[in-house]
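Below is one structure, written out as structure tokens; the observations come after it.
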Amino acid sequence: MIIDTAIATIATTPFDGQKPGTSGLRKKVKVFAQPHYAENFIQSVFDCVERDEGATLVIGGDGRYLNRQVIQTAIRMAAANGYGRVLVGQGGILSTPAASHVIRQYGASGGLVLSASHNPGGPDEDFGIKYNIANGGPAPESVTEAIYIRTTAIDSYLTVATPDVDLDTIGETDVAGMAVQVIDPVADYAALMERLFDFAAIRAAVAGGLTMTFDAMHAVTGPYAHEILERRLGFAPGTVKNGVPLEDFGGHHPDPNMVHAADLFATMFGDDAPDFGAASDGDGDRNLIVGRGIFVTPSDSLAMLAANAHLAPAYAGGLKGIARSMPTSAAADRVAAALNIPAFETPTGWKFFGNLLDAGMCTICGEESAGTGSDHVREKDGLWAVLLWLNILAVRGQSVAQIAAEHWARFGRNYYARHDYEALPTEAANALMADLTASLEALPGRAFGPLVVEAADSFAYTDPVDGSLSANQGLRVLFEGGSRIVFRLSGTGTEGATLRVYLERYEPESGDLAAQTSDMLADLIAAADAIAGITRHTGRSQPSVIT
Ligand code: VG1
Ligand code: CO
139 MIIDTAIATI
149 ATTPFDGQKP
159 GTSGLRKKVK
169 VFAQPHYAEN
179 FIQSVFDCVE
189 RDEGATLVIG
199 GDGRYLNRQV
209 IQTAIRMAAA
219 NGYGRVLVGQ
229 GGILSTPAAS
239 HVIRQYGASG
249 GLVLSASHNP
259 GGPDEDFGIK
269 YNIANGGPAP
279 ESVTEAIYIR
289 TTAIDSYLTV
299 ATPDVDLDTI
309 GETDVAGMAV
319 QVIDPVADYA
329 ALMERLFDFA
339 AIRAAVAGGL
349 TMTFDAMHAV
359 TGPYAHEILE
369 RRLGFAPGTV
379 KNGVPLEDFG
389 GHHPDPNMVH
399 AADLFATMFG
409 DDAPDFGAAS
419 DGDGDRNLIV
429 GRGIFVTPSD
439 SLAMLAANAH
449 LAPAYAGGLK
459 GIARSMPTSA
469 AADRVAAALN
479 IPAFETPTGW
489 KFFGNLLDAG
499 MCTICGEESA
509 GTGSDHVREK
519 DGLWAVLLWL
529 NILAVRGQSV
539 AQIAAEHWAR
549 FGRNYYARHD
559 YEALPTEAAN
569 ALMADLTASL
579 EALPGRAFGP
589 LVVEAADSFA
599 YTDPVDGSLS
609 ANQGLRVLFE
619 GGSRIVFRLS
629 GTGTEGATLR
639 VYLERYEPES
649 GDLAAQTSDM
659 LADLIAAADA
669 IAGITRHTGR
679 SQPSVIT
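Sequential numbering of the sequence shown, starting at 139, is according to my numbering.
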């Protein structure tokens, strides 16, 4: 068979709205499946990013519907655009943290991560493409903005007419002069985890009776969790639930929270619960932590992990600093103060941690949205958080509930919840934010029930490393005594708008540390509606999801 490997230039016209959000470009599959749609975006990436002729590109995804197809497209386009090598996960699979690690380990110029993360998958659901740069992290705003501008003017893309690559067989093939290497998606990542954590201590704890359950939600972490938790750490077969990645995640949202991981909650709050429960999201960068009879909020998890990280070999020498996204509770700041290390507050989205990590200014980062990670990669990392918890449990020999109680007794407790109002009409959500922005100036001094506003602003961030400014990153209402409400619109949805309302109340060491979160936040919930007119603007009296 003679294959024509000549580079073809295909004419195209721009699509509206190819602007990456908090984490890449996310759209309905029906949008992505239009002729030239993915091609336009990928070509715009290749046109804008830093890479040398013959550079290496990493490609992988979370296994959702369209994953294999877009991978084949991206491989052909990479060959036509002068890449020298593509590393692609077997079966098209690479979790987001594993992709970050592979980019760093093999000195790639970057990677395409095909995922819409926690959004549902399938022919009528969501797809996404994210570009990560050579440090392994999400492209910063300067790069995503350049990509977007390129999408608005694109008139052609480059490809080659080669047959599909066999993604299921490990090995190397040639695509129009470019090497395509299908790699084991788990091996390098699992080896990294073994270097970071005390696997021997965890194995000993497992042998001594430590039990857990892990819900992979039919998403990308299944193969990683089977290998690491069951095979390497010795947890019983069956510890990993829903461990086979499915194109539609079994019809569920692969979003590890109380709503979408309800089975895990039922197990952990039921009779005979194991010691530890966890789940991860579509692309494996999020984590949900539940102890027997206790949910650990992601903000608390970040603080507890930071306070105990020295118990794991990789962090035994101490932390350089702790960074959290602005809506994440201030619990981690108290740990940073106690450790006498800097605390950073960044806008929502992992891309803002990259500079701090590269500059060695912080070691551990986290977001309230179930994202935690460290300087081992440049993404948040679901299984990393699970393994650090296991390492801590193994060394301390205490339950999650005991560790949490001791933490709060030492640092006080930041009661915290996020209320999401999903699929709102975009105009209603924008009107709410516009009205609230206009009213911020007049809020200080006003009382809402027992709460008195101390300050209110729109959060802006100046990157301490490169000086870049990111404005309009959420509206903050800060109350006397340390409570606060944050309002922002989601940048990852594909349907209408999602309003996120973040509620936080600090209770000092001497206060009530064992109350119900909903009780402790009741005044703040009432204030949020009074301040922002949520019901008036949206017609909703209840959030769609509380996390
Ligand atoms: C959400 C979270 C944010 C997270 C982002 C990507 O963004 O709030 O903390 O970084 O998702 O996570 P938004 O703009 O919808 O609030 V992932 O796991 O979906 O890549
Ligand atoms: Co994710």
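From the three backbone atoms N, C-alpha and C, an ideal C-beta is built for every residue, glycine too.
Predicted model, so just to flag it, every value in this text is computed and none were measured.
Could you name the residues that DSSP lists as bridge partners for Ser687?
Because the chain is modelled from 139 through 685, residue 687 falls outside the range shown and cannot be assessed.
By alpha-carbon positions, which one of Cys500, Pro480 and Gly509 ends up nearest to Gly487?
Position 349 of the sequence shown holds residue 487. Nearest C-alpha to Gly487: Gly509.
Of the residues Ala576, Ala144, Glu188 and Gly415, which one's Cα is nearest the Cα of Leu528?
Position 390 of the sequence shown, counted from the first residue, corresponds to residue 528. Comparing Cα-Cα distances from Leu528 to each of Ala576, Ala144, Glu188 and Gly415, the minimum goes to Gly415.
Range covered by the beta strand (DSSP E) that runs through Lys453:
Translated into the one-based positions of the sequence shown, residue 453 becomes position 315. Here residue 453 turns out to be Tyr, not Lys, going by the sequence shown. Careful: Tyr453 lies outside any beta strand (DSSP E) and carries neither H nor E.
Quick one: grab the DSSP three-state call for Val382.
The residue labelled residue 382 in the question sits at position 244 within the sequence shown. Reduced to three states, the DSSP call for Val382 is coil.
Can you give the Cα-Cα distance for Ala543 and Gln228, rounded to whole angstroms?
Position 405 of the sequence shown, counted from the first residue, corresponds to residue 543. Position 90 of the sequence shown, counted from the first residue, corresponds to residue 228. So the alpha carbons of these two residues sit roughly 43 Å apart.
On the DSSP letters alone, give me the boundaries of the alpha helix (DSSP H) that Leu282 sits inside.
The residue labelled residue 282 in the question sits at position 144 within the sequence shown. In the sequence on display, residue 282 carries Thr and not Leu. Element bounds for Thr282: Glu279 to Thr289.
Going by Cα to Cα distance, which pick from Val169, Thr147 and Pro276 is closest to Val187?
Taking the first residue of the sequence shown as 1, we reach residue 187 at position 49. Of the listed residues, the one whose Cα sits closest to Val187 is Pro276.
Work out the CA separation of Pro588 and Leu250 for me, nearest whole Å.
Working through the sequence shown from its first residue, we reach residue 250 at position 112. Working through the sequence shown from its first residue, we reach residue 588 at position 450. So the two alpha carbons sit approximately 49 Å from each other.
Proximity to Pro485 [Cα-Cα], best of Arg626, Pro258, Ser238 and Val303
One-based indexing of the sequence shown puts residue 485 at position 347. When each option's Cα is compared against that of Pro485, the closest is Arg626.
Would you call Glu565 buried or exposed, if buried means 16 or more other Cβ atoms sit within 10 Å of its Cβ?
Stepping through the sequence shown from its first residue, residue 565 is reached at position 427. Flag for Glu565 reads exposed.
Leaving aside the five residues before and after Asp190 along the sequence, list all residues of the same chain whose C-beta is less than 8 Å from its C-beta, in chain order.
Your numbering for residue 190 matches position 52 in the sequence shown. Residues of the same chain with a CB within less than 8 Å of the CB of Asp190, apart from the 5 flanking positions on each side, are Ser247 in chain order.
Say the cut is 6 Å; is the CB of Arg424 nearer than that to a heavy atom of the ligand CO?
Here residue 424 refers to the residue found at position 286 when the sequence shown is read from its first residue. Because some heavy atom of the ligand CO lies under 6 Å away, the Cβ of Arg424 counts as near it: yes.
I need the boundaries of the beta strand (DSSP E) containing Met316, first residue and last residue.
Numbered from its first residue, the sequence shown carries residue 316 at position 178. The continuous beta strand (DSSP E) containing Met316 extends over residues Met316 to Ile321.
Should Glu505 be counted as a contact of the ligand VG1 given a C-beta to heavy atom distance under 6 Å?
As a first step, residue 505 must be located in the sequence shown, where it is residue number 367. Yes, Cβ of Glu505 sits closer than 6 Å to a heavy atom of the ligand VG1.
Answer yes or no: do Phe335 and Leu525 have a C-beta to C-beta separation smaller than 7 Å?
To locate residue 335, count along the sequence shown from 1; it is residue 197. To locate residue 525, count along the sequence shown from 1; it is residue 387. Yes. Within cutoff.
Please say whether Ala176 and Phe170 have beta carbons closer to each other than 7 Å?
Within the sequence shown, residue 170 is the residue found at index 32, counting from 1. Within the sequence shown, residue 176 is the residue found at index 38, counting from 1. Going by C-beta atoms, Phe170 is nearer than 7 Å to Ala176.
What does Pro276 pair with, by DSSP beta-bridge criteria?
The residue labelled residue 276 in the question sits at position 138 within the sequence shown. Paired residue(s): Asn270.
Euclidean distance between Cα positions of Met215 and Met316:
Position 77 of the sequence shown holds residue 215. Position 178 of the sequence shown holds residue 316. Rounded to whole angstroms, Met215 to Met316 spans 11 Å at the Cα level.
Using a Cβ-based criterion (distance less than 6 Å to any ligand heavy atom), does Asp419 qualify as near the ligand VG1?
In the sequence shown, the residue the question calls residue 419 occupies position 281. The answer is yes for Asp419.
In or out: Met139 buried (at least 16 other Cβ within 10 Å) or exposed?
Sequence index remark: in the sequence shown, residue 139 carries index 1 (1-based). Only weak support is given to the placement of Met139: the predicted model assigns it a pLDDT of 45, under 50, and the value that follows is read from those uncertain coordinates. Classification for Met139: exposed.
Would you give the residue range spanned by the alpha helix (DSSP H) that His256 belongs to?
The count along the sequence shown starts at 1 and reaches residue 256 at position 118. Following the DSSP letters along the chain, one finds His256 in no alpha helix (DSSP H), marked with neither H nor E.
By the three-class DSSP mapping on this structure, what secondary structure does Ala362 have?
By one-based count along the sequence shown, residue 362 stands at place 224. The sequence given here places Tyr at residue 362; Ala does not occur at that position. If DSSP states are grouped into helix, strand and coil, Tyr362 belongs with the helices.
Throw me the rounded Cβ distance for the Ala470 and Ile460 pair, which I believe falls under 8 Å.
What you label residue 470 is simply residue 332 of the sequence shown in a count that begins at 1. What you label residue 460 is simply residue 322 of the sequence shown in a count that begins at 1. Rounded, the Cβ-Cβ distance is 5 Å, consistent with contact.
Does the beta carbon of Ser255 come closer than 7 Å to any beta carbon on chain C?
Annotation note: the requested chain C is absent from the structure, which comprises a single protein chain.
Determine the direct distance from the alpha carbon of Ser577 to that of Gly583, and round the result to whole angstroms.
To locate residue 583, count along the sequence shown from 1; it is residue 445. To locate residue 577, count along the sequence shown from 1; it is residue 439. Roughly 13 Å separates the two Cα atoms.
Does the stretch 276–294 come within contact of the stretch 601–614, defined as at least 3 CB pairs closer than 8 Å?
At 8 Å Cβ cutoff, the stretches touch.
Using C-beta distances below 6 Å, list every residue in its chain close to Val683, excluding the 5 sequence neighbours before and after it, in chain order.
Stepping through the sequence shown from its first residue, residue 683 is reached at position 545. Closer than 6 Å at the Cβ level, and outside the excluded window around Val683, lie Val397 and Asp558.
By the three-class DSSP mapping on this structure, what secondary structure does Ala585 have?
Here residue 585 is taken as the residue at index 447 of the sequence shown, counted from 1. It is a strand residue.
Can you tell me whether Val382 is buried or exposed, with buried defined as 16 or more other CB within 10 angstroms of its CB?
Position 244 of the sequence shown, counting from 1, holds the residue named residue 382. By the 10 Å Cβ count, Val382 comes out exposed.
Cutoff 7 Å; reference Tyr295; Cβ partners in own chain excluding five residues on either side:
Within the sequence shown, numbered from 1, the residue matching residue 295 stands at position 157. Cβ within range, chain order: Ile148, Thr150, Glu177, Asn178, Gln181 and Met215.
Return yes when the C-beta of Ser255 is under 6 Å from any heavy atom of the ligand CO, and no when it is not.
Your numbering for residue 255 matches position 117 in the sequence shown. Checking the Cβ of Ser255 against the ligand CO gives yes.
Cβ shell of Tyr203 (< 8 Å), same chain only, five flanking positions each side left out:
Looking up residue 203 in the sequence shown gives position 65. Within the same chain, Tyr203 has close Cβ partners Val167, Gly259, Gly260, Pro261, Glu263, Phe265, Glu385 and Asp386.
Exposure of Thr632, with buried meaning 16 or more beta-carbon neighbours within 10 Å
The residue labelled residue 632 in the question sits at position 494 within the sequence shown. Buried is the call here.
From what residue to what residue does the beta strand (DSSP E) around Phe373 run?
Here residue 373 is taken as the residue at index 235 of the sequence shown, counted from 1. Segment: none, Phe373 is in no beta strand (DSSP E) and carries neither H nor E.
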